[in-house]
Structures are given as structure tokens and as C-alpha cells.
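Protein chains in written order, with my numbering: chain A, 11 to 341; chain B, 37 to 314. Working notes for the structure below.
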Amino acid sequence: MHPVLKLVVQRLALGLILLLACSAVIFLGVEALPGDTAQAIMGQSATPQALANMREKMGLDQPPLTRYFQWLGGVLTGDLGLALTNDADIAQSIGQRLGNTLFLAGCAAAISVPLAIILGLIAARHAGKWQDKLISGVTLTTISLPEFVAAYFVIFLLTQDNVLTQAIGWVTGGSGRLLPVAMVFPGMGFWERLNAVILPVIVLVLVVLAHMMRMTRAAILNVMQSAYIETAELKGLSPMTVIWRHAFPNAIAPVVSVVMLNMAYLVVGVVVVEVVFGYNALGQYLVDHVTKRDLPVVQAVGLIFAAVYIVLNMLADIIGILANPRLRHPK
Amino acid sequence: MRLPFTQTRLPLAAFIGLSLTGIFLFCAVFAQWIAPYPIDMAVGGVWESPSAKYWLGTDTIGRDILSRLIYGGQITIFVALASSALAFSLGAFFGFFAAVNGGWIDQTLSRIVDLMMAIPSLIVALVMLSVLPLNLTVLILVIGVLDSTRVFRLSRAVAVDIAVMDYVEAAKLRGEGGAWVIFREILPNALSPLVAEFGLRFIFAVLFISTLSFLGLGIQPPLADWGGMVKENKDGLVYGKSAALVPAFAIAALAISVNLVADWVLTRTSSLKGGRGG
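What follows is the structure, given as C-alpha cells:
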């Protein structure tokens, strides 16, 4: 077997094991914590007999391991069970909201990835000069902000009548003030939808941009300092040739894994940003049901977020392996 | 800037970071004496603008924002300190333990940590908090345990290098037990990288507890930390009331100033370690 293929297969297998272990943590780990779903539904005043009946009805009297495999089987066949709070089919509720979450994250990724790479290149090209210091200073500030803080600063700047919104209004010919909520509903057209998510997308871009840009800068600087780049320069090659033929192929792998890692980070950022803007999607659904202590919903949505995160991390590794020129030519 | 009592130059960024962190800590410790009004008393109208009486205005039900900010800082900093202390005790102990023993103990502990780090902390915390009761102890435990994974990685990596040193070997040969090796041989030598890491873990805990409280799953009313205060006052933003921005700004200022201090400690300790002409 080609060594690259072997590495990729190994990484895939590891990812699958991780997914399985993760589902066990989310199901059995929660079982091990003090707290009881039947009690949570019926409240503190329930009689022991009523509690026992409830447990039997919900299948809670079965041993945990049996219930884990039943649950896992359900997850694999797309049957996530019913929500405790309103008996709604969880898979159906998730299906409606997953699209909204992916749309929001997708828009944020489409803007932040090219922007971060360009800014990272500029900062690396002018390392130590004022351009680099300016970009680094601004990103160091945004890195220190949790998502919801960034969100409210953005809301304050863009939804009120101030110089900034007046300027935007003057350019676009509208009022320039944006709405602090992101309402979407089924049957909305693509452009309407895009218009609705402008603010949350701006916030998400701000939040992931800093990380992505700083890691890109570091990855490129790291490559530019290696001995083979110096050799290429000393051979008298033009700067463009050095960058395209020597630096770029070696920088792809780190930059792509940087991008993937930040996409994984975006998946989590989305949860908070959805709550801030009242955006009807998976993150808000999750937080809402944590508050209501609706365990089956929390487990199902938690597993989806964890799975997306693991898969993106796995892709980062695999792309890194495939893009590494040194691994392509076995000795 | 040259301070009279030391002969080392203190960079401006570190000076700003240290003084801001100092002010925050001072307010947190002496909150009961500094705050002009009690934490949970409506003293004025709803969302009053800053005035001589209420320096930062009043909040959504007429409580003094400055007082709540000072008390909120106390809760935020206390939870963050307690959980990062827990994270450090757990992470460093198991990290050193894994490094000293190696073999299957190291493998098991490392794989458990890998698994915990494979799922985003916020998601794990949300899943856990859907079952656990919401109180201060639970919050500190959840944040501390989740955060200990990063400390574990760092301290294991540092200790693996130390564990092969001659003086550790000597201690083992003269028959010292595991606890002696961990606490008397490895800990003193691993301390300086861990100190810088403490600042970063502290920020992580501040952002984490703020986010949880903002989502309504952290500190419960009538108490409030800064994240909870943003949540209480967020609706005012639509009417141009900036009350929610005050605690938001405090979170950002604390995170940035501790970051500046940690950066400075990191560069100092790494230059102190010297190495090959470094």
C-alpha cells in the first residue's frame, strides 16, 4: 500500500473510533452524573410510584449499556427519539434547523477564509513593519473577546443611528441601520436569507478571522525561514518564483489545516451567535433544551456538533497529509 | 519605562496589563467596601444615563451598574480563579504522574484527555449542565475539569523532558517514592512554563463562565457575573441604551490585560531559561 494511502486510512479509522467513543461519552457520561430524567420531568414532588412508572414508560429501568446501544442504533438509522418537553420528533426538528446553521456557518466561512489568508500573507510579507503590527494588534484584541461580547459591540455600532450607519446608508441609499435579529423562515429566497444573516456573519467573521490570520502568518513565516528558501534565493531565483515554486507547496498543508481547525472552531461559535440574534437554528435549539433539561434533544444535538467538529479536524489532518510534498515521494 | 526598584525594563504593554489586572483584583477583593450601592437594590429609574449619583447609569430594573459591575467582577474572578486552580491541580498532577510512570498509565491518561479534547468544551459543558444542578460548585467543577486537559498536555510534555534527568534518576535510585519525585523533583523544575500558562487558563475560564452565564446556564439571578449582566441588559441596546456594553467592555479589558501579563511572563521565563545562547 502506498504510504500516503496508509496514513489516510489510519487517520480515517482513528476518526471513526473517536466518533464512537464520543457518542459513548455523551450518552454514558451523562448517565454517570447525578440527576435523573424522570425526576427532571415530574419535579421534586413526584411520588416514588409515579417516578417508577415514568422510568418504565421511558425505558429508563433498562441497564445503561443496553440503552446506549439502542440509542446508538437509533442514531445510525436516523431515529433520534422524541423530545421530552413536547414529544416532537427530534430528527425532524433537527433537520429543519441544521440547514440554517450550515447556511450561517457557510457564509461566514466563505468570507473569512479568503480574507484571513490574504491578511496573513500581507502580515507575513511585511513581517515586523507597520502593516504587520496593525493587523496583529487588531487581531490580538478580537481574539480576547468571547463571541457574545463581539456580537453586542457590532450590534451597537451597526443598528443605531450614528456616523457609521449614516455613512453606510449614504453609500447604499437605504437607512444603513441593520436589524439586531436574524429572522429566517421556510420559503425565504436566497437573497432575503443572505440579507437576514448579515450581522451574525460579520460577528462570526470577526471571531474566526483573528485566529485564522495569525496561524496563517505563522505557517508562512515558518516556511519562509527554512533553509531551502534561502538556497532558492541565493540561487538567484526571482522572488515570485521562490514563493510559488518553493514556499507555496510547503505552506499549503499548514494553511489548509489552519482553515479546517478554524472551521471547527466556527461550529462552536455558531451556538452563541445564534442565541444572540435569535436565529432559529441548531445552536439555539441546543441551548434552549439544555435550559429545559430535555436530555434526549441535548444528547442528539451535542453528538451532531461533536461529530462535525471531529470530522473537520480529521479532514484537516488528511488534507495536511495529502498536501505534504515530502510524503508524496517515498524513499 | 524604568521602575526605580528593579533594574529590568518593564515593557509598556506589560505595565498596562499589570496595572489593569491589579485594579480588577483590588475591586474584586474589596467589592463590599468599594461598591456604592448593594448588589440587588433598585435605586433609580430604568436605564438612567450615567450621572454623578450613578457613575455608569442604572440597569434594566434600576440597579446601579457600577455596583453590580464591581460585585460581578468579584464573582467572575472568583469562579475563574477557583476553576483554573482546580484545572492546574488536576492537570499538573496527572500530567506529571503520566510522565513519571509512562507505559500503560501514560497511554490511558493521554487517550482519555485526547477524547475530552476531541469534543468542543462548550458542547461538553452544555451536555453536562443539562443534567447537573446549576450552582457555583458545579460550575467551578465543570470548567475546571474541562480546562485541566490543556494543563495535562503541557505538564506531561514538560515533565517527560525532566523525568529523564540524572537528578530524577538519582532520587529514584535512593529509593524516593512517587510523590517525592513528582512534588520535590519535577514540580520545582516545571514551574516556570506552568506559571505563564496559568494566565491563559484564567482567561479561558473567564470567557467560559461569561459565555455560560450569558446563555443563562451560569451564575443565576439575582447574583450576576459580567456575562449575566450582558444578558440582563441586552434588550436596551435596541433603544440605544448602552448598559450591556459596560460589562462586555469589562470582560474584554480583563481578558486583554491578563493576556498582556501572560505574554510578558512567557517571554521573560523563556529568555531566563537561556539554553544555547538564547
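Don't be surprised by glycine CBs; every beta carbon is placed ideally from N, CA and C. Quick caveat: nothing in here was measured; it's all calculated off a predicted structure.
Using beta carbons (cut-off 8 angstroms, strictly below), is residue i in contact with chain A?
| i | result |
| --- | --- |
| G311/B | Because G311/B carries a pLDDT of 36, less than 50, the predicted location of this residue cannot be relied on, and the following value inherits that uncertainty. So, not an interface residue. |
| G109/B | no |
| L54/B | no |
| P156/B | yes |
| N137/B | no |
| F250/B | yes |
| V266/B | yes |
| A215/B | no |
| V113/B | Checking the sequence shown, residue 113/B turns out to be Ile, not Val. I113/B does not count as touching chain A. |
| S85/B | no |
| I159/B | yes |
| I179/B | no |
| I292/B | yes |
| A50/B | no |
| L243/B | yes |
| L171/B | Leu is not the amino acid found at residue 171/B; the sequence shown has Asn there. No, no contact with chain A. |
| L236/B | no |
| A284/B | yes |
Could you spell out where the alpha helix (DSSP H) holding residue i opens and where it closes?
| i | result |
| --- | --- |
| S55/B | 48-65 |
| W262/B | 262-269 |
| S184/B | 172-199 |
| K349/A | No information on residue 349/A is available, as it lies outside the stretch 11 to 341 that chain A covers here. |
| W83/B | Where W83/B is concerned, there is no enclosing alpha helix (DSSP H), given that its DSSP letter is neither H nor E. |
| K208/B | 202-209 |
| W201/A | 200-206 |
| D298/A | 292-301 |
| W254/A | W254/A -> no alpha helix (DSSP H), and no H or E assigned at all. |
| G25/A | 13-34 |
| Q309/A | 305-333 |
If we count the other Cβ atoms within 10 Å of its Cβ and call it buried at 16 or more, is residue i buried or exposed?
| i | result |
| --- | --- |
| K267/B | buried |
| F41/B | Residue placement at F41/B is poorly supported in this model, since its pLDDT is 47, which falls under 50; the coordinates still yield a value, given next. Label assigned to F41/B: exposed. |
| A98/A | exposed |
| K143/A | exposed |
| Q72/A | exposed |
| L168/A | buried |
| Y238/A | exposed |
| T26/A | Correcting the residue type first, residue 26/A is Leu in the shown sequence and not Thr. With fewer than 16 other Cβ atoms within 10 Å, it is exposed. |
| R147/B | exposed |
| T182/A | exposed |
| A42/A | exposed |
| M201/B | exposed |
| R45/B | exposed |
| P58/A | exposed |
| H221/A | buried |
| T111/A | buried |
| S249/B | buried |
| D197/B | exposed |
| V173/A | exposed |
Taking Cβ positions only, does residue i come closer than 8 angstroms to chain B?
| i | result |
| --- | --- |
| G312/A | yes |
| F200/A | no |
| I36/A | yes |
| C32/A | yes |
| F113/A | no |
| I320/A | yes |
| F315/A | yes |
| V281/A | yes |
| V278/A | yes |
Based on DSSP bridge pairs, tell me the residues matched to residue i.
| i | result |
| --- | --- |
| T94/B | D100/B |
| D99/A | L92/A |
| A78/B | R99/B |
Using the beta-carbon of each residue, which ones in chain A are nearer than 9 angstroms to residue i?
| i | result |
| --- | --- |
| S246/B | P156, F158, V159 |
| L223/B | Neighbours of L223/B on chain A: none; closest Cβ ~30 angstroms, over 9 angstroms. |
At 8 angstroms on the CB atoms, spell out the chain B contacts of residue i, in chain order.
| i | result |
| --- | --- |
| R303/A | S166, V167 |
| L43/A | M164, V167, L168 |
| V40/A | V163, M164, S166, V167 |
Using the beta-carbon of each residue, which ones in chain B are nearer than 7 angstroms to residue i?
| i | result |
| --- | --- |
| P190/A | L273, V274 |
Please list, in chain order, the chain B residues whose beta carbon lies closer than 9 angstroms to that of residue i.
| i | result |
| --- | --- |
| Y289/A | Neighbours of Y289/A on chain B: none; closest Cβ ~14 angstroms, over 9 angstroms. |
| T151/A | A288, I292 |
Below 7 angstroms on C-beta distance, what does residue i contact in chain A?
| i | result |
| --- | --- |
| S278/B | F166 |
| K270/B | Y162 |
| L92/B | Residues of chain A passing the Cβ test: none, with the nearest at roughly 15 angstroms. |
List the residues of chain A whose Cβ lies closer than 8 angstroms to the Cβ of residue i, in chain order.
| i | result |
| --- | --- |
| L190/B | The contacting residues do not exist; L190/B stays about 18 angstroms from chain A at best. |
| L332/B | This structure leaves residue 332/B out entirely; chain B is present only between 37 and 314. |
Can you determine whether any heavy atom of the ligand PLP sits closer than 7 angstroms to the C-beta of residue i, and answer yes or no?
| i | result |
| --- | --- |
| T149/A | Looking at this structure, you won't find the ligand PLP or any other ligand, since it has none at all. |
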